[in-house]
Amino acid sequence: MIDNHFITTALELEGYRITRHCGVVRGIVVRSRSAIGNFAAGIQTFFGGNISLYTELCEQARQEAFDLMRQHAFEAGGNAII
3 MIDNHFITTA
13 LELEGYRITR
23 HCGVVRGIVV
33 RSRSAIGNFA
43 AGIQTFFGGN
53 ISLYTELCEQ
63 ARQEAFDLMR
73 QHAFEAGGNA
83 II
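Here is the structure:
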């Protein structure tokens, strides 16, 4: 899998030269809460503010999508994501 040190949103990776383009990589995750989780989150909405149950779910989905992107890049033959 691609090391986090070789992932950037910049146009280049300092100290390295791009020699090959492997295409666009992506990681997509769709998650849902259980009925009990949705009920608990619904209770949190009565009090306003951050709905921590959904925040946690979104963060887990974001991390999983990031990991899938790294795996997709590796499978495409890449050694960095720029």
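3 is the number of the first residue of the sequence shown in the numbering used here; add one for each residue after it.
C-beta atoms are modelled at their ideal positions from N, C-alpha and C, and glycine is treated no differently.
Selected residue, minimal CA-CA separation from residue i, among the options
| i | options | result |
| --- | --- | --- |
| residue 17 | 68, 25, 35 and 7 | 7 |
| residue 42 | 55, 31 and 32 | 55 |
| residue 67 | 53, 75, 37 and 30 | 30 |
| residue 39 | 74, 59, 52 and 49 | 59 |
| residue 64 | 28, 79 and 3 | 28 |
Per DSSP, the bridge partner or partners of residue i
| i | result |
| --- | --- |
| residue 84 | In the DSSP output, where bridge partners are listed per residue, residue 84 has none listed. |
| residue 9 | 83 |
For residue i, the three-state DSSP class (helix, strand or coil)
| i | result |
| --- | --- |
| residue 72 | helix |
| residue 58 | helix |
| residue 64 | helix |
| residue 77 | helix |
Residue interval of the alpha helix (DSSP H) (run including residue i)
| i | result |
| --- | --- |
| residue 37 | 37–49 |
Residue environment, residue i, which counts as buried when at least 16 other CB atoms sit within 10 Å
| i | result |
| --- | --- |
| residue 75 | buried |
| residue 83 | buried |
| residue 72 | buried |
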